[in-house]
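Heads up, the thing below is written out as structure tokens.
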Amino acid sequence: MGRSAVRVYELSAQNRILSVSDNWDPFARTNGGADALSHAVLGRPIWDFVSGLDTRSYLNALIFATRNAGRKVSVRYRCDGLAERRLFQLQIEPLEDNAVRLSHLPLEIRSRRKPASAPPPGAQVCCGQCLRWRQGSTWEEAEIHHALAPQGIDFVVCPQCRTEAQRVIDALGCLRAVH
641 MGRSAVRVYE LSAQNRILSV SDNWDPFART NGGADALSHA VLGRPIWDFV SGLDTRSYLN
701 ALIFATRNAG RKVSVRYRCD GLAERRLFQL QIEPLEDNAV RLSHLPLEIR SRRKPASAPP
761 PGAQVCCGQC LRWRQGSTWE EAEIHHALAP QGIDFVVCPQ CRTEAQRVID ALGCLRAVH
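In terms of this note's numbering, the sequence shown has 755 at position 115, counting the first letter as 1, and numbering is strictly consecutive.
What follows is the structure, encoded as structure tokens:
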């Protein structure tokens, strides 16, 4: 399995994880995800693995739109490691019996110029999609990683990512807004 391999999982109509791709476990191990190995995720609701109510709502809206329209949706997101910055394309496509397939296609993976650091004091809110941090009323890029946070991080969806998801949903002709 290369660094750039696509990772795939399928959800039932009840949003339980039905299957994962063969390269799931190596990726989980490499990224410190012992709790995310296939034997630990199969049969469980996807929501057990999505941080933050706002992020759950975002993903649920995309899954709902896919099922409702019967067509694939696609959005970009970041999923950084401590040593690398990773940009992915999430594709959600409808399957039989109201199941869906979620494919995570790597678009760009590059080593960090310097190691990620802990969030500065006051940096408690991070967009779960673009990984920008809210500083006051603005959203900023930072070479920090939530895993190094001394306290919990509130994962939300920033206005820019929310607008992009709504654009994708609108293009399908669905009425549901991303809240």
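Where a beta carbon is used, it is the ideal one built from N, C-alpha and C, also for glycine.
For clarity, every value in this text was computed on a predicted model and none was experimentally measured.
In the same chain as Leu699, and ignoring 5 residues on each side of it, the C-beta atoms closer than 7 Å to its own belong to Val690, in chain order. In its chain, beyond the 5 residues on either side, Ile657, Val660 and Leu742 have a beta carbon closer than 6 Å to the beta carbon of Tyr649. The C-beta distance from Ser757 to Leu788 rounds to 7 Å, short enough to fall under 8 Å.
Non-local beta-carbon contacts of Cys770 in its own chain, meaning distances under 6 Å to residues more than five positions away in sequence, involve Arg718 and Cys801 in chain order. Listed as beta-bridge partners of Leu651 by DSSP are Ile657 and Val740. In the three-state DSSP reduction, Ser751 falls in the strand class (E or B).
In the structure shown, the three-state DSSP call for Gln806 is helix.
C-alpha of Pro760 to C-alpha of Leu722: approximately 16 Å in a straight line. Following the DSSP letters along the chain, one finds Val713 in no alpha helix (DSSP H) but inside the beta strand (DSSP E) bounded by residues Val713 to Arg718.
Residue burial annotation: Val796 is buried, with at least 16 other C-beta atoms found within 10 angstroms of its C-beta. Counting along the chain, Arg725 sits inside the beta strand (DSSP E) bounded by residues Glu724 to Pro734. Annotated three-state conformation of Ser757 is strand, per DSSP.
Straight-line measurement puts the Cα of Glu804 at about 23 Å from the Cα of His786. Distance between Ser678 and Leu727, taken at the CA atoms: about 23 Å. With respect to the 8 Å criterion, Glu724 and Arg753 are not classified as neighbours on the basis of their beta carbons. Excluding the 5 residues flanking it on each side, Leu747 has same chain C-beta neighbours closer than 8 Å at Arg716, Leu727, Phe728 and Gln729, in chain order.
Taking the CA atoms as reference points, Ser697 sits about 12 Å from Gly768. Of the residues Ala709, Val646 and Cys798, the one whose Cα lies closest to the Cα of Asn738 is Ala709.
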